[in-house]
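Chemist: Sequential numbering of the sequence shown, starting at 6, is according to my numbering. Even for Gly, the Cβ is constructed at its ideal location relative to N, Cα and C. Predicted model only: the values in this text are computed from it and were never measured.
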Amino acid sequence: SPVANNPEFSLEGTTEDLNFGILALSRLTSGKVFAATHANTKTFAGLKGAEVHQFEGPHPAGLVGTHISRLDPINRGDVVWTVHARDLVLISRFLRTGKVHTERTVAITGPGASKTHYVKSQMGAQVASLVDDCLGAGEQRLISGNVLTGSKVSSQGFLGFYDDVITIVPEGTERHFLGWMSPGINVPSFTRTVLSSFIPGKKFAMTSNLNGGVRAIIQSGMWEQVVAIDVCPEFLIKAAITQNIEEMEKLGIYEVDPEDFALCSYVCPSKTEVTSIIQQGLDLMEKEG
């Protein structure tokens, strides 16, 4: 995900722990154990005991849903367990030593950070202890996790159990008079409708601003361009909204996770919170069995 913790750095030197963890996982399943890594990895180059596959490219190339859809798609009745490499290291160390290890290398990042760096900390650490010396000027939003799927927290809150990054973004409280009429030199655009689209490689300091209001869903074809799995997102979302269980099943609800649709929320011209709709659909499928 964007500005995520780089496991090449935070898990450097853990190959032995990872291999022992893979061995433990292989004893827990009669199926295959897959390991998905970056194409040019060094930290994970020595993995053994798993079917190793390499992925490269921009987000969502690193998502679990992308990996599963490419390696062994899920069907009704299938059960797939997933574990992040950082958690596999902790499982391995517990099995080898009999002690619970809670160490975590946390990335402090985002456009609202005065400095980006890594911190050696613990699972569930208080956010204030991680970010007090690196908040940028102005009002900032603190996110436990990545900017697409993380949770908003206060400085007195705590790092999420599964999180290894604190993302800091400026609160988008400013308003631009007739902003929709501006040439958009410093405005990102997925549809390439402003001048900034013609500046190759231009980067933007994003804020929490929606840059528009919530409106009715329109069939724009944008969602299909940012979803890496083989589903029809617009039809699946509409089936989830209407709680049409049979239609959701036909459209592949079993193959997806909310994070697979995070970019849909980002590019959506209707400002629809797509990930929440998918989660509600999955909850309904679980409830109905």
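Within 10 Å of its beta-carbon, does Asn45 have 16 or more other beta-carbons around it, so buried, or fewer, so exposed?
Modeler: To locate residue 45, count along the sequence shown from 1; it is residue 40. Burial call: exposed.
Chemist: Express the C-alpha separation of Val69 and Gly115 in angstroms, rounding to a whole number.
Modeler: Within the sequence shown, the letter at position 110 stands for residue 115. Within the sequence shown, the letter at position 64 stands for residue 69. Gly115 and Val69: Cα-Cα distance of roughly 23 Å.
Chemist: Considering Cα atoms alone, identify which of Asp138, Thr196 and Ile173 is closest to Ala210.
Modeler: As a first step, residue 210 is located in the sequence shown; it is residue number 205 there, counting from the start. If we check each option's Cα against that of Ala210, Ile173 comes out closest.
Chemist: Can Cys139 and Ser119 be called in contact, C-beta distance under 8 Å?
Modeler: Numbered from 1 along the sequence shown, position 134 holds the residue referred to as residue 139. Numbered from 1 along the sequence shown, position 114 holds the residue referred to as residue 119. Ser119 is positioned such that its CB atom lies closer than 8 Å to that of Cys139.
Chemist: Under 6 Å Cβ to Cβ from Ser202, same chain only, skipping five residues before and after it: list those, please.
Modeler: Counted from its first residue, the sequence shown places residue 202 at position 197. Only Ser194 meet the Cβ criterion.
Chemist: Do the segment 89-105 and the segment 274-290 meet, that is, are 3 or more Cβ pairs less than 8 Å apart?
Modeler: no
Chemist: For a test of the three-state rule: what should DSSP assign to Glu144, helix, strand or coil?
Modeler: The residue you call residue 144 lines up with position 139 of the sequence shown. Three-state DSSP puts Glu144 in coil, outside helix and strand.
Chemist: If the criterion is Cβ atoms closer than 8 Å, does the pair Gln248 and Leu289 meet it?
Modeler: Position 243 of the sequence shown, counted from the first residue, corresponds to residue 248. Position 284 of the sequence shown, counted from the first residue, corresponds to residue 289. Yes.
Chemist: So which of Gly36, Leu153, Leu76 and Ala40 has the shortest CA-CA distance to Asp168?
Modeler: Sequence index remark: in the sequence shown, residue 168 carries index 163 (1-based). Among Gly36, Leu153, Leu76 and Ala40, the Cα nearest to that of Asp168 is on Leu153.
Chemist: Let me know the alpha helix (DSSP H) ranges lying completely inside the segment 182-259, each 4 residues or longer, listed in chain order.
Modeler: 227-231, 238-246 and 250-255
Chemist: For the segment 126-133 against the segment 49-66, do three or more pairs of beta-carbon atoms, one drawn from each stretch, fall closer than 8 Å, so that the two count as touching?
Modeler: Taking 8 Å as the limit for Cβ pairs, the verdict is that the segment 49-66 does not touch the segment 126-133.
Chemist: Please give me, in chain order, every unbroken run of the alpha helix (DSSP H) with length at least 4 that falls completely inside the segment 94-156.
Modeler: The segment 94-156 contains these whole alpha helix (DSSP H) runs: 132-136.
Chemist: For Pro63, does the count of other Cβ atoms within 10 angstroms reach 16, so buried, or fall short, so exposed?
Modeler: In the sequence shown, residue 63 corresponds to position 58, counting from 1. So Pro63 counts as exposed.
Chemist: Tell me, to the nearest whole angstrom, how far the beta carbon of Pro78 is from that of Glu252; I am working on the premise that it is less than 8 Å.
Modeler: Here residue 78 refers to the residue found at position 73 when the sequence shown is read from its first residue. Here residue 252 refers to the residue found at position 247 when the sequence shown is read from its first residue. Going by Cβ atoms, the distance from Pro78 to Glu252 rounds to 19 Å, so no, they are not a contact pair.
Chemist: Under a Cβ-count criterion, where at least 16 other Cβ atoms within 10 Å of its own Cβ denotes burial, should Leu93 be classed as buried or exposed?
Modeler: For this step, residue 93 is matched to residue 88 along the sequence shown. Buried, since its Cβ has 16 or more Cβ neighbours within 10 Å.
Chemist: Measure the C-alpha to C-alpha separation of Lys47 and Phe14 and round it to an integer number of angstroms.
Modeler: By 1-based counting over the sequence shown, the position of residue 47 is 42. By 1-based counting over the sequence shown, the position of residue 14 is 9. Approximately 10 Å between the Cα atoms of the pair.
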